[in-house]
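In the numbering used here, the protein residues as written are 242 to 466. A short worksheet on the structure shown next.
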């Protein structure tokens, strides 16, 4: 016989002295398992009875496994829903939401890549037109972050363009995004670095557009091939 089911979850305990699968084999059964001879006629009745008990237990346990899997699936769904809600609440209560605008702006400025003295950037390779890079990604977080990002021309005054990255983009797209960068940098001096894996970068159609902003650079433009 199976043990009594739990009054809370309705599942049977897998442990307990009354469970037939818990009792160890008798020495006689162990002996029969080690040889290939048939049991005595007087033993067959008890062996059949134990067989039926274990067979019933296997069936009951299989049913309980199904119920447990359903319960586990439900619990996992409940856990995921609770975790998602917890994440939302933590997001709402995150300390960064309470930062004053000027402190947030200073943090954004510190994220700006700067030259390291070797005509490269600390965050090299950095790509100004990549929407996953700073400051584009900052402006995509929330309306408040976007307002702060667009109010800081300094974030947009460091320009790094690698022409090899723009093969999949049209010149119209490149010029549009570059125009946004120059517009958002307001009247600040620009720090522009151009890089290309091919010779003749000065012949690239983008150069004509960029030359309109060269007067805003305090030092000669840096090019790398």
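Virtual Cβ for every residue (Gly too), placed ideally from N, Cα, C. In this text, all values refer to a predicted model and were calculated from it rather than measured experimentally.
- Message: On the DSSP letters alone, give me the boundaries of the beta strand (DSSP E) that residue 399 sits inside.
- Response: Within the chain shown, numbered from 1, the residue matching residue 399 stands at position 158. Note, residue 399: beta strand (DSSP E), 399 to 403.
- the stretch 415 to 434 / the stretch 384 to 404 touching (three or more Cβ pairs under 8 Å): yes
- Return the CA-CA distance between residue 295 and residue 327, expressed in angstroms with no decimal places. Counted from its first residue, the chain shown places residue 295 at position 54. Counted from its first residue, the chain shown places residue 327 at position 86. Between residue 295 and residue 327, the C-alpha separation is close to 46 Å.
- Query: Any heavy atom of the ligand FAD closer than 7 Å to the Cβ of residue 334?
  - Reply: You won't find the ligand FAD in this model; it holds no ligand whatsoever.
- Could you spell out where the alpha helix (DSSP H) holding residue 273 opens and where it closes? Stepping through the chain shown from its first residue, residue 273 is reached at position 32. Unbroken alpha helix (DSSP H) run through residue 273: 268 to 274.
- Assign residue 304 to buried or exposed, taking buried as 16 or more other Cβ atoms, counted over all protein chains shown, within 10 Å of its Cβ. Numbered from 1 along the chain shown, position 63 holds the residue referred to as residue 304. Exposed.
- Query: What are the residues that DSSP puts in a beta bridge with residue 432?
  - Reply: As a position in the chain shown, residue 432 is number 191, starting the count at 1. For residue 432, which the question treats as bridged, DSSP gives the partners 399.
- Quick one: grab the DSSP three-state call for residue 340. Translated into positions along the chain shown, residue 340 becomes position 99. Coil at residue 340, not helix or strand.
- Query: By a C-beta neighbour count over all protein chains shown, 10 Å radius and 16 as the cutoff for buried, is residue 398 buried or exposed?
  - Reply: One-based indexing of the chain shown puts residue 398 at position 157. So residue 398 counts as buried.
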